[in-house]
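What follows is one structure encoded as C-alpha cells, with my remarks underneath.
Protein chains: 2
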Amino acid sequence: MLKKTLKINGINRIVLAASDASLADVLREQLGLTGTKVGCGEGQCGACNVILDGKLVRSCVTKMAKVADGASITTIEGIGTPENLHPLQLAWTVHGGAQCGFCSPGFIVSSKALLDETPKPTREDVRDWFQVHRNACRCTGYHQLVDAVMDAGKVVRGEMSADDLAYKLPEDGQIWGDKYPRPSAVAKVTGTLDYGADLGIKLPSDMLHLALVQADVSHANILKIDTGEAEKMPGVVKVVTHKDIKGKNRITGLITFPTNLGDGWDRPILCDQKVFQYGDAIAIVCARTEKEAEAAAEKVKVDLEPLPAYMSAPAAMAEDAMEIHPGTPNIYFTQKIAKGEDTAPVFDKAAAVVEDDFYVGRQPHMPMEPDVGFAFLNEENKLYIHSKSIGLHLHAAMIAPGLGVELENLVMVQNPAGGTFGYKFSPTMEALVGAACLATGQPVFLRYNYHQQMTYTGKRSPFFFKVRMAADQEGKLLGMETDWSVDHGPYSEFGDLLTLRGAQFAGAGYHIPNIRGEGRTVCTNHAWGSAFRAYGSPQSEFSSEVLMDELAEKLKMDPLELRYKNVYREGSTTPSGQKPEVYSLPEMIDILRPKYEAALEKAKAASTDAIKRGVGVSVGVYGCGLDGPDASEVEVGLNPDDTVTVYACWQDHGQGADMGCLGTAHEALRPLGLSPDRIRLVLNDTALAPNSGPSGGSRSQVMTGQAIRVGCEALLTAMRKDDGTYRTCEEMVSEGHPVKYKGQWTAPATNCDENAQGNPFSVYMYGVFMSEVAVEAATGKTTVEKMTLVADIGKVNNRLVTDGQLYGGIAQGIGLALTEDFEDIKKHSTLIGAGFPYAKQIPDDIELIYVESPRPDGPFGAAGVGELPLTSPHAAIINAIYNACGVRITRLPALPEKVLAGLKK
Amino acid sequence: MLKKTLKINGINRIVLAASDASLADVLREQLGLTGTKVGCGEGQCGACNVILDGKLVRSCVTKMAKVADGASITTIEGIGTPENLHPLQLAWTVHGGAQCGFCSPGFIVSSKALLDETPKPTREDVRDWFQVHRNACRCTGYHQLVDAVMDAGKVVRGEMSADDLAYKLPEDGQIWGDKYPRPSAVAKVTGTLDYGADLGIKLPSDMLHLALVQADVSHANILKIDTGEAEKMPGVVKVVTHKDIKGKNRITGLITFPTNLGDGWDRPILCDQKVFQYGDAIAIVCARTEKEAEAAAEKVKVDLEPLPAYMSAPAAMAEDAMEIHPGTPNIYFTQKIAKGEDTAPVFDKAAAVVEDDFYVGRQPHMPMEPDVGFAFLNEENKLYIHSKSIGLHLHAAMIAPGLGVELENLVMVQNPAGGTFGYKFSPTMEALVGAACLATGQPVFLRYNYHQQMTYTGKRSPFFFKVRMAADQEGKLLGMETDWSVDHGPYSEFGDLLTLRGAQFAGAGYHIPNIRGEGRTVCTNHAWGSAFRAYGSPQSEFSSEVLMDELAEKLKMDPLELRYKNVYREGSTTPSGQKPEVYSLPEMIDILRPKYEAALEKAKAASTDAIKRGVGVSVGVYGCGLDGPDASEVEVGLNPDDTVTVYACWQDHGQGADMGCLGTAHEALRPLGLSPDRIRLVLNDTALAPNSGPSGGSRSQVMTGQAIRVGCEALLTAMRKDDGTYRTCEEMVSEGHPVKYKGQWTAPATNCDENAQGNPFSVYMYGVFMSEVAVEAATGKTTVEKMTLVADIGKVNNRLVTDGQLYGGIAQGIGLALTEDFEDIKKHSTLIGAGFPYAKQIPDDIELIYVESPRPDGPFGAAGVGELPLTSPHAAIINAIYNACGVRITRLPALPEKVLAGLKK
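Chains as they are written, first to last, in the working numbering: chain A, 711 to 1615; chain B, 711 to 1615.
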C-alpha cells in the first residue's frame, strides 16, 4: 500500500493503493470513477486514457508506483458533466460520435489533451493523434470522431457557440430522418453510463467474483478435475464444475434445421467429457475478490488426454479425422441450392466461364468492451442474468434446460454493451454466471480479460468457397455453380442457418437464372462460429464479387458496367428465387458511375512505380430478418403524466437501439405531438418487456420497428376521440380503456426449401461500394485512400445512426480485407496481433450516398442498416488492389506479404 | 437483490441492490456517490439528504424497496461540480458555509429542494425548512448557511449574477483579514472531499472491515473471552483480543504531571483485566465485510463479573468506593491555587460575599461525522494510521508503546475530518485500527455508528464547582475561594491539565488579588473526559460568571458595570498571576454598553406574563496554547515552478486549518507577490510534515502561525538578492542555496507552579457575551432570541473563518446552556436524545463585533479564535434567564422542567 495525495479533476484527494495497482483500477474500482473504461487492459485501445500532469496516458498500464505524489489527473468526469458538457462532449453527441460509447471517454480525454496542446488541429492532426495514442474505435470508423473534434475546437476557440453546435428540433417537430442525438449519448460522452464491468463494481459487496478454469489445448478428453487445493485458497467460496450443474449442462442451438445430423445439444456449459476448443471452460472459481478467484483457478488441477486438433474445415473433413462430437459426423449439415435449369449445359454453352477458390477467414469481432456478466437470485428466487446478450429471450431458451431452471424463473437483462457486432448472439457468459449463481446462491460477477475475449468468444466462420460463373458475350450472367465449406468450430449453434446464407448471398444482387451448388457445415476445433455483422454475406459475396471482376476481365468489360448489366431489375429474382422488393441498384450505379470514372482517371494519374493506385467496386446485398416469417412483439403504454412508454427487447450492440425505438415511436405517435423526451423506453429486460427477438440480421428496425408502429397505432386508435383529438391518460382510465397495447409484427416471408428457394426476407438492403487504394510496390502494403458507398436502406430513421453504421461497417470491411484474422490463437489474441484497424488505417475520405427507396414492409419505409456496409466492401478493396497492381488476392486478409508475393510473380 | 432503473443525476442507471439496503448505502458504497454523507445513520442529521422524485428524503432511512423503479434521484453530485458550481455551492463557499463540510452536501441538497419549492424564501422560511428537515450543523450555528441560501436564491432568480457573488481578490492582493474562501471549500460543497468513511469505500478490496466487541456494562472484571465461534463465522479473518497485541496494550497519557498519583498507563487498547466504562473495546473482529464483522462480533462470548459503577465524581469519591484502577486512588490528582494573600481574612472583612455551587455536565461533542479510521502497512512495513486525529505526533507517542511499534515505524495521517471539537485529542480509533492491522498484516477499516460515537468517545468532563467571591462596597473584587472536582471518567489522559484549567479560568477576566482553592481529578466509570472546545473554561467561567451576577445583585449593581469595574486593566493580573498581554476588556464593554442598555429596555417592554424576557452578560477568557512553553515546527519550501509549499501538521477539526496556513503564509510571503493559489499545503501526515503540535487550545494560529511566519521569513531571507528582488528556485539551486527552511516557534510562556501561578499562555482571547432570552412561563422553555459577542481575538487572519468559529462556538454554548447532556447513556446516545441544537434553537440574530488588539506574540498580531465563543456564552444565557424570570440555574443544562420548577418556587 502507498498513500498519495492526487489532484483528481481539480480536487486534492487522498489515495491509498497498492503500488502495483494500475491507475485505471484505482480510479475505477477504488474511487468509483468508472467513466474511465478498461478495454484491452494492455495499452492497445485507449479506452482508459486520462491526463496525468498534462500528458495523455493509458491508465491501464500506468502503475500507481509511477504516479507522483501530488500529481494532477483529469478523467472524463473532470472534463464535463451531463449538465455542463464540454464542447468535445457536445460535439460527440451531435456528430453521433458515441455508438456503443465504450471508447468515448478515452477518445474525449485524448481529444482534450490534443486541443490543450494543439488548439487548432487539422483533420489529419486529429487522426495522427488518435493513431499515436492508440485510440481504438470499433464502431465509428473514426470519421464522426474527427468531425466532432474539429467542431469542438471551433467552440473552444470561440469561432462557434455551443448553441450553434447543439442539436435543434426541427420546427415541425419531426425527428424521423433527422439527426436527433441518441438518448444514451450524454451518458456515454460523460462516462456516466454503466457498462457491465462498471455495474460489477457497483454491485452489493456480497457479490462473488468468478474466474474460469479453461482448457489450454484445442481438443482433449477430460480424465480428472481436482478442485481440492483450490477450494482451500483464501476467499474461495466454491469451485463449480459440471457436477454442480443441475440441468443438462448444455447450451442448445435451438433452431437446428431438421436435416442437421446433430441435435444441437453439443455445447457444454462446463466441459464434462471433453474439451472441444482452446479456452473451453472446465470449472468456475467463486471467490471474494477477482484476484483470489484467479489465484485459486491456478490451483484447479485438470488431467487432460490430448486428442488431434482439427483447426480448419479441410482438416476436419479428412477421411481419417475422428468425430469431434462422437456420434455426429464432422460434416453435420449440408445445404443445396438449385435455381432454374441444371447448370452443366449452361456452362458448356456459355461464352465466358470463370471460376476461382476463395477464403474469408476467422474475423474477430474485437469490441472495445470485453465480455462481462453477472447473475443473482431476486427475492422470488428468480435467476437474473445480466450480460451483453443481444438475444435475451432466445438465450433464456438456449440456456435454461442446461442450467436446470424453469424459463419462468429466468430473467435476462442486457447491460449497456460496449460493442458486440454479433458475437453476443451466442450465450456463453450467460450460462457461466447462471451456473455459478445457482451453485452458490450468491450474486456472481465475471469479466473476461482481452485474451479471453479473443480466444473464448465466437468468431466469424471461415468459408472455403469455390464459385463458377457463366455469361454470354455481352456479359449477361447465365449461371452459377458454388461449393462451400463452413468451418463452424466445435459448436453447432446456427451453423446450418449460416450455411444457408452461402446459398442466399453468393451472387446476390444479380439476376442469375440458373444456380447449382452445395455447402456444408463442418465441425472443427478452432474458435466456434458465432454471428458477426453481415453473417455469411462477407464470405459469400466476397467470392462472387471478386469473381465478377474476373469475369469482367475475361469479357474485357468494365467491372462496374458488367454489374450494371446484371443487377436486379423488374423480372429479376434473387439466388433464392425471390422477387426483390425494390429495384434500386441500377439507379445506385448510375449515381456512382461519374465518381467511378473520375476515380479511375485519378488513380491512373497518381500511380507511380513505387505506389500503384487502383479502383474497385462491389455490390452488396443483405436481408433484414432471421429468415422466414420472423416476428417481433412490443408493448406501448400511456402513462399517468401522458408520456408514452415503449416496452421492447431491442437489444443494443452499440448500433443505437434506443434511437431506433425512439425515432420509430416518435414518428408513429406524431398525431399526439409529443416531444421526444416525452417518450420513455423500457428496454431489454425479459421481466419488463416482451420478446422482440434477437438483435441480429438487421432485423430490429424492420421487425421491432413495425411492432412499435403497430403498438403505437393501437394506442392512438384507443385514444382518438370522435372529434379527432386524443384522450388523456386520465380520460382513458375513467372511460375504462386499457392504457397498454401490444404491437406485434410477423414478416410476410417464407422459409427456404431444401434447394434454398423461398422468400426468406421481406426487406433487403442494397449497396454499391467503391474503393480507391494505393499499393506500395516495395512492401505490398495496401492503403485504402477512399471508400464510397451508395446505399439503399430505405427511409432513414436517424441519420446519425445510419451514418455511424455505414462508416463503421466499412471500417470493419477494411480490416477484413487487409489485416484482421484470428487464425493463430497465440499471435492473434490481442487487438494489435489480430490486425485491429486504428484511425490511420481507415481513410478520412468516406463518402456515403443514400438512395431512400421506401420499403413496403418496413416501418415508414425503413429497412435495416447495420449489416449492409460489411457485405462486400472488402471485395471492392481486393478488386481495387488488382486494378492497381494486377495482384488478385483470394484468401483474406490481403497482408502485405501476400500482395508482395503476387507482385513478385 | 432487486434490479431497478433509476434516473440518478439525470442519467438512467441500472441499480442492483438488496431490498433492505438503504438508499444512502447504495449511493455511497455501490455507486461511489460519496458526496452523500452518512452522519447519524438514523435520520436525525440530514447529511444524507437527496431529492427523490422531487421530494427531499433522508437516504439513510430510505430502504431500496421503497424507491420506485424509474424514480429520479438528485444527489450533491448532480447539483453542481467543482468546475460548474450551483449558486448554492458558490454561496456556500463565499459565506464560509462549509467548515468541517460534512453536513454541506446535505444542506445544499436540502436548500435546492427548498428553492425548487419556494423560489423566494425569507430567512425564517430557510430556518423552518432546515428545522423540519432536520438539517443539523455543529460547526456554523446556521447563520452563514442562511446567508448562503438567501444569496443563492438571488442568483437563481436572476437578481444577482454569480460573478457578483463570487469572491474577488483585493486589488492589493492581500488576503490577510479578508474573506478568501478556504482552499477546501469547493471540494466540500461539491461532495468531492473524501472523509474517512469515503476513503474507506475507496480503499483496495483486500481491506478488512472491523467490528468491535464492546462492554455493555460500566465496570466489571473480565473472566473469559471466547472467540471460538466468532472465528468460524463467514468472512472472518481474525478476532483480535489483548493477547494479540504485541506492546503494552495501553494508551499512555504522556504528559501526566509529576504529582499525579497515576502513571498514565491506565487505559487499555483492548480490555484485558477489567472493563472501565460502557463501550470499552474487548475484541475486534476482522472480516471481509462490515456485516460479516458485525455478525461475528455478536458471537464473541465475554464473561464479565459486574462491579459497582461510579457514575459521577462524588460517587467515586465516597469513602467506601473501590479503586477503579487498583493501586491508584480514585482522586488521583490535586491542584491548588494560591494567589496573593490568604483569603480567609479577606472574606471576613469584605463588604459583600457570595458563594454558590455549580455543575457543568458531560457535554457531548456531537460532530456530524462519527469516528472513523483505517490502518495499513506500507511497503517498508511502516504502520500507517489514518484517522480524525487532531494531534498526530502526540498520538503516535501515546499509542506506539501500547501497540509495540517503534515510533519511526508509525506514520499518522489525518483524514479530512467532519468535526471533532476536541474529542479527537484522545486516540482510541487510532490504537484499535493499529492493533487490528498489526495482528492481521492487512489494511483494516473501522467506522463507528452514532451510538458508538456517543458512547465510546470522550466527553466534556463535568466539574462540580464551588466558588466564593468577596468584594468591597463598590464592587471591587477582593478575593475568591474555589473548590472543584473534575469527573474525568476512567482514563487519566490530560485529566491533571484539565484540573489546572479550573485554577486558571475561574474568575478569569478580572483582577482578583487574592485567591485560594483546590481542585481534584476524579476517576469514575462514566465516559472518559476528553478535550472539548474551550477545555475547562466553560465549567470554570460558568461558575465565576454566574456568581458575578449574584454578587451584582447583592451589591445592587448592574452586572455589566460590576464586570466593567473589575476587568483587566494596566496593573491587573490573571488568576495565575500573569500580566495580560492586552487590556481590551474595558473598551469591549464600552462597545457593548449601549446595546446592553437597549436590550434591557426592549426585554422589559416585550415581557408579558406568558413570556418573560431578559438580558444576561458574561466575560470569557481563554489562553492560546498547550500551557507553558508550547512549541511548533513547520517547513517552507520553494518549488521548481516557484510556488511555495508549507509543510505542517495543523490538524483540522473543521475550523479551517488550510485557510489558517494559507492566510498566514500568504501574509508572510507578501514580498514575493504570490497569488494564493501559488502557495501549496502539505498537511497532516507525520511522514511528510514536521511536528506542529496538536490542534487544541486555540494554539494553532498562534504557535503554528508563528512557525509558518518564521519559516517563510527564512525562505525570503535566503531568496532576497542584494537589489531587493528575489531569486527564483532555479537561481537558488544554481547558487547552492537550500530551498526548504524550517520554521520553529516556542511560546514565551512558563509553566504554572504548584499554586497554579505562572505565565502559562503568551496570548489570550477575550470576549464579552450578551444574551437576550425569552422564557415561557407555562413550560419553563427558554429561547435565545439574540446573542452578541464583542471579541478580541487579535488581528483577524480570515474573516469567514473567524465568523464561523464565533457563530459556531456560540451555538454550542446555547446547547450547553439549554439542552445538551450525556449523562444517561441510553437516553442521551442519539443527537436528538442528547439535545443537539437544530436551526431554530439557534437565533438568526447573532451579532459579532471585533476588537482587533494586535498580539505581540501572535503572528501578524493574531490570537487564536476557536475556543473563545464557548468560554462563557452559557453563563450569559443563564444570567439572562435570571434577569427574565428570577430563576437561577446552577446545574446545566437549563431544561424547561428545571426552569419551571424554579418559577414555581
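Where a beta carbon is used, it is the ideal one built from N, C-alpha and C, also for glycine. All figures in this text were calculated on a predicted structure; none of them were measured in a lab.
Please report the distance separating the alpha-carbon of Y1474 of chain A from that of A1424 of chain A.
Y1474 of chain A and A1424 of chain A: Cα-Cα distance of roughly 27 Å.
What is the rounded straight-line gap between the Cα of C810 of chain B and the Cα of W839 of chain B?
The C-alpha of W839 of chain B is placed about 22 Å away from the C-alpha of C810 of chain B.
Please tell me whether T715 of chain A and A734 of chain A are closer than 8 Å, where the distance is taken between their beta carbons.
When the beta-carbon positions are compared, T715 of chain A and A734 of chain A stay at least 8 Å from each other.
Closest by CA to Q841 of chain B, which one among B:V899, B:R867 and B:G756?
Among B:V899, B:R867 and B:G756, the Cα nearest to that of Q841 of chain B belongs to B:G756.
Any Cβ of chain B within less than 8 Å of the Cβ of S915 of chain A?
Closer than 8 Å to some Cβ of chain B, the Cβ of S915 of chain A qualifies, so yes.
Report buried or exposed for R867 of chain B, applying the criterion of at least 16 other Cβ atoms within 10 angstroms of its Cβ.
Only exposed fits R867 of chain B, as fewer than 16 other CB atoms lie within 10 angstroms of its CB.
Less than 7 Å between C-beta atoms, sequence neighbours within five positions excluded: which residues of the same chain meet that for D990 of chain B?
Apart from sequence neighbours up to five positions away, the residues of its chain that approach D990 of chain B with a beta-carbon distance below 7 Å are Q924, A925 and C981, ordered along the chain.
6 Å CB neighbourhood of G1525 of chain B in its chain, flanking five on each side removed:
The beta carbon of G1525 of chain B sits closer than 6 Å to those of P1547, all from its chain and outside the five residues before and after it, given in chain order.
Through-space distance from E1577 of chain B to M1267 of chain B, alpha-carbon basis:
Taking the straight line joining both Cα atoms gives about 29 Å.
When the Cα atoms are used, what is the spatial distance from S1254 of chain B to A1216 of chain B?
Rounded to the nearest angstrom, the gap between the Cα atoms of S1254 of chain B and A1216 of chain B is 6 Å.
Helix or strand or just coil, what does DSSP make of D1433 of chain A?
D1433 of chain A falls in the coil class under three-state DSSP.
Cβ neighbours of R1390 of chain A in the same chain (closer than 8 Å, five flanking residues each side left out):
Taking R1390 of chain A as the centre and dropping the five residues before and after it, the same chain places the C-beta of N1349, T1353, V1354, T1355 and V1356 closer than 8 Å to its C-beta, in chain order.
In chain order, what residues of the same chain have a beta carbon less than 6 Å from the beta carbon of K1098 of chain B, not counting five sequence neighbours either side?
Cβ within range, chain order: A1127, T1130 and K1134.
Please work out which residues of its chain come closer than 7 Å, Cβ to Cβ, to Q1467 of chain A, disregarding the five sequence neighbours upstream and downstream, and give them in chain order.
If we look at Q1467 of chain A and ignore the five residues flanking it on each side, its Cβ neighbours are K1049, S1286 and G1287.
Taking the alpha-carbon of G1421 of chain A as reference, which of A:K1450, A:P815 and A:K1431 has the nearest alpha-carbon?
Put simply, of A:K1450, A:P815 and A:K1431 the residue whose alpha carbon is nearest the alpha carbon of G1421 of chain A is A:K1450.
Does the Cβ-Cβ distance between S729 of chain B and A775 of chain B come in under 8 Å?
Yes; because the gap between Cβ atoms is below 8 Å, this pair is in contact.
Ends of the beta strand (DSSP E) at F1155 of chain A?
Where F1155 of chain A is concerned, the enclosing beta strand (DSSP E) starts and stops at V1154 to R1157.
Segments of 3+ residues assigned as beta strand (DSSP E) that fall wholly inside the segment 1341-1420 of chain B
Listed in chain order, they are 1341-1348, 1354-1358 and 1389-1393.
Is the beta carbon of M1164 of chain B closer than 8 Å to that of P1039 of chain B?
In this structure, M1164 of chain B does not lie closer than 8 Å to P1039 of chain B by Cβ.
Which of the residues in the segment 740-754 of chain A, read from start to end, lie with their CB under 8 Å from any CB of chain B?
The segment 740-754 of chain A vs chain B, Cβ under 8 Å: Q740, L741, G742, L743 and T744.
Is A781 of chain B helix, strand or coil when you go by DSSP?
It is coil, neither helix nor strand.
In chain order, which continuous runs of the alpha helix (DSSP H) of length 4 or greater are located wholly inside the segment 802-859 of chain A?
Segments of the alpha helix (DSSP H) lying fully in the segment 802-859 of chain A: 814-827 and 833-842.
Assuming contact is defined by CB atoms lying nearer than 8 Å, are N970 of chain B and D1206 of chain B in contact in what I supplied?
Yes, they are a contact pair.
Compare the C-beta of S814 of chain B against all C-beta atoms of chain A and say whether one is closer than 8 Å.
Put simply, the CB of S814 of chain B is far from chain A, with every gap to its CB atoms at 8 Å or more.
Check L909 of chain B in the structure and name its three-state DSSP category.
The DSSP-derived three-state label of L909 of chain B is helix.
Quick check: the Cα distance between F1174 of chain B and R844 of chain B, rounded to an integer number of angstroms?
If I take the Cα positions, the gap works out to 34 Å.
What are the residues in the segment 1074-1095 of chain B lying within 9 Å of chain A by C-beta distance?
Taking 9 Å as the upper bound on Cβ-Cβ separation, chain A lies near residues F1084, F1086, L1087, N1088, E1089 and Y1094 of the segment 1074-1095 of chain B.
Best match in B:M1139, B:N1088, B:K1092 and B:D1081 for proximity to H1105 of chain B [C-alpha to C-alpha]
Nearest of B:M1139, B:N1088, B:K1092 and B:D1081 to H1105 of chain B, Cα basis: B:M1139.
So which of B:N1401, B:H853, B:I721 and B:L879 has the shortest CA-CA distance to T791 of chain A?
Among B:N1401, B:H853, B:I721 and B:L879, the Cα nearest to that of T791 of chain A belongs to B:I721.
Would you verify that the beta carbon of P792 of chain B is, or is not, closer than 8 Å to some beta carbon of chain A?
So yes, P792 of chain B belongs to the interface.
Whole-angstrom distance between T1234 of chain B and R1211 of chain B, CA atom to CA atom
If you take the alpha carbons of R1211 of chain B and T1234 of chain B, they lie about 19 Å apart.
Would you verify that the beta carbon of T1460 of chain B is, or is not, closer than 8 Å to some beta carbon of chain A?
Among the residues facing chain A, T1460 of chain B is not included, as its CB has no counterpart in that chain under 8 Å away.
Spatial distance of P1248 of chain A from G1330 of chain A (CA atoms)
Straight-line measurement puts the Cα of G1330 of chain A at about 9 Å from the Cα of P1248 of chain A.
For the segment 875-908 of chain B, list every residue whose C-beta sits within 9 Å of some C-beta in chain A, in sequence order.
Answer in chain order: P893, S894, V896, A897, T900, T902, L903 and D904.
Given 8 Å, three or more beta-carbon pairs between the segment 945-954 of chain B and the segment 993-1010 of chain B
Here the segment 945-954 of chain B lies against the segment 993-1010 of chain B, with 3 or more beta-carbon pairs under 8 Å apart.
Sequence-distant residues of its chain with Cβ nearer than 8 Å to L1302 of chain B (five each side left out)
Closer than 8 Å at the Cβ level, and outside the excluded window around L1302 of chain B, lie L1270, V1327, V1478, M1480, T1498, V1500 and I1559.
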